[in-house]
Ligand SMILES: Nc1nc2c(ncn2[C@@H]2O[C@H](COP(=O)(O)OP(=O)(O)OP(=O)(O)O)[C@@H](O)[C@H]2O)c(=O)[nH]1
Ligand SMILES: [Mg+2]
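In full-length UniProt numbering, the protein residues as written are 1 to 360.
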């Protein structure tokens with residue numbers, strides 16, 4: 001995998017023919033568009049651009065969607081398969097709040113993983129929206145990955161999801177995650193319990209943390225994809241917009257060490273990104289130098305939570321800034337000046353207007 005910083009193509013770019021594939025190894029016929037008449041009609045000499053990527057015989061490509069209850073290890077497994085962090089992870093439930101696409105590029109196949117929010121009994125409007133999002137996603141993929149953790153008993157939460165999956169009419173591969181956390185006997189028992197949950201195309205135990213069986217799962221999933229050239233540029237590992245990745249890295253750092261309701265109550269948005277190198281009108285912060293200036297808001301539901309986020313004398317917020325800045329600088333491959341603010345938006349999880357402002 002290259003060390004070059006990510007380049008995030010826009011939807012338009014992804015849809016545009018030549019950009020849909022690596023240019024390397026592609027034969028293309030140039031279209032100069034010269035001599036085009038004012039009325040828009042192309043002269044007979046105009047040639048249409050055709051790009052023919054060289055796709056090896058038998059190449060497969062398609063989508064696999066990871067589902068499961070909160071905290072089942074979906075995002076950690078997504079990152080392990082991609083080989084790079086595309087989704088944030090934490091021990092708090094409901095860490096993932098939107099579909100994150102991660103791309104596994106191999107010579108023989110391209111597997112696009114769709115990591116989804118955990119499915120659970122919704123208690124807020126946000127929870128309901130997240131469940132709806134997952135259900136819609138299921139309809140559009142080639143194969144579904146149902147994640148059940150090895151270290152928790154199969155329960156009503158898993159049965160609730162299994163019933164939904166039975167209706168999806170897609171092949172479902174059941175995965176017992178976190179296999180490293182239990183004994184061989186307990187793992188065998190969990191595999192049997194998961195087998196009894198439904199009619200699965202396969203059952204695979206994995207440990208994303210140790211990288212065990214991750215390649216086996218990859219092969220199984222690719223076996224369910226149709227013959228197709230790559231769907232995404234083969235150099236990309238995700239199509240997440242840069243601002244979303246930044247906000248997620250801040251949220252991941254902020255989730256560390258908070259408990260109870262706070263993880264659910266926290267949303268993070270990027271308010272502004274100013275690049276003093278390219279934006280001459282952009283305000284130039286003293287001491288920021290040539291660094292990219294990133295302003296981020298941490299939004300909580302109550303003033304008491306705001307106090308916790310800020311910490312004594314601002315100590316917690318400072319810590320969040322130090323940790324997330326490192327991640328953002330690695331992501332962007334350049335120095336960053338990070339400005340964090342905490343604000344309260346009362347009960348935003350249940351307020352449709354606030355949800356819309358926060359991008360849900
Ligand atoms: N020991 C061990 N821990 C794991 C493994 N995979 C995930 N975890 C841990 O399980 C917790 C939850 O992992 P996530 O990947 O964030 O879970 P998720 O299913 O994406 O959670 P939501 O996004 O909230 O639905 C984290 O603390 C991970 O470090 C694994 O293979 N082994
Ligand atoms: Mg997740």
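We put the beta carbon where it would ideally sit given N, CA and C, even for glycine.
Would you mind sorting residue i into buried or exposed? The rule is 16 or more other CB atoms within 10 Å of its CB.
{"i": "residue 224", "result": "buried"}
{"i": "residue 84", "result": "exposed"}
{"i": "residue 56", "result": "exposed"}
{"i": "residue 362", "result": "Given that the chain is displayed from residue 1 to residue 360, the structure contains no residue 362 and the question cannot be resolved."}
{"i": "residue 127", "result": "buried"}
{"i": "residue 115", "result": "buried"}
{"i": "residue 330", "result": "exposed"}
{"i": "residue 80", "result": "buried"}
{"i": "residue 58", "result": "exposed"}
{"i": "residue 318", "result": "exposed"}
{"i": "residue 74", "result": "buried"}
How many angstroms separate the CA atom of residue i from the CA atom of residue j?
{"i": "residue 33", "j": "residue 112", "result": "For residue 33, the predicted structure reports a pLDDT of 44, less than 50, and the residue's modelled location is therefore unreliable. The matter cannot be settled from this model."}
{"i": "residue 69", "j": "residue 276", "result": "43 Å"}
{"i": "residue 265", "j": "residue 347", "result": "8 Å"}
{"i": "residue 360", "j": "residue 65", "result": "20 Å"}
{"i": "residue 215", "j": "residue 96", "result": "23 Å"}
{"i": "residue 353", "j": "residue 243", "result": "21 Å"}
{"i": "residue 296", "j": "residue 342", "result": "9 Å"}
{"i": "residue 322", "j": "residue 77", "result": "26 Å"}
{"i": "residue 147", "j": "residue 211", "result": "16 Å"}
{"i": "residue 312", "j": "residue 205", "result": "44 Å"}
{"i": "residue 67", "j": "residue 324", "result": "27 Å"}
{"i": "residue 161", "j": "residue 334", "result": "42 Å"}
{"i": "residue 248", "j": "residue 303", "result": "22 Å"}
{"i": "residue 63", "j": "residue 314", "result": "43 Å"}
{"i": "residue 198", "j": "residue 238", "result": "31 Å"}
{"i": "residue 105", "j": "residue 98", "result": "22 Å"}
{"i": "residue 344", "j": "residue 273", "result": "22 Å"}
{"i": "residue 110", "j": "residue 60", "result": "6 Å"}
{"i": "residue 186", "j": "residue 219", "result": "25 Å"}
Any idea what DSSP makes of residue i, helix, strand or coil?
{"i": "residue 142", "result": "coil"}
{"i": "residue 27", "result": "Bear in mind that a pLDDT of 39 at residue 27, under 50, signals an unreliable position, so the model cannot answer this."}
{"i": "residue 131", "result": "helix"}
{"i": "residue 80", "result": "helix"}
{"i": "residue 90", "result": "coil"}
{"i": "residue 303", "result": "helix"}
{"i": "residue 164", "result": "helix"}
{"i": "residue 329", "result": "helix"}
Can a CB atom of chain B be found closer than 8 Å to the CB of residue i?
{"i": "residue 166", "result": "Absent from the structure is chain B; it holds one protein chain and no more."}
Original post:
Pairing CB atoms from the stretch 132 to 151 with CB atoms from the stretch 166 to 183, are three or more of them under 8 Å?
Top reply: yes
Subject >> Whole beta strand (DSSP E) elements within the stretch 180 to 205, 3-residue minimum >> reply: 202 to 205
Subject >> 4-residue-minimum alpha helix (DSSP H) runs that sit fully inside the stretch 193 to 265, ordered along the chain >> reply: 214 to 222, 242 to 255, 262 to 265
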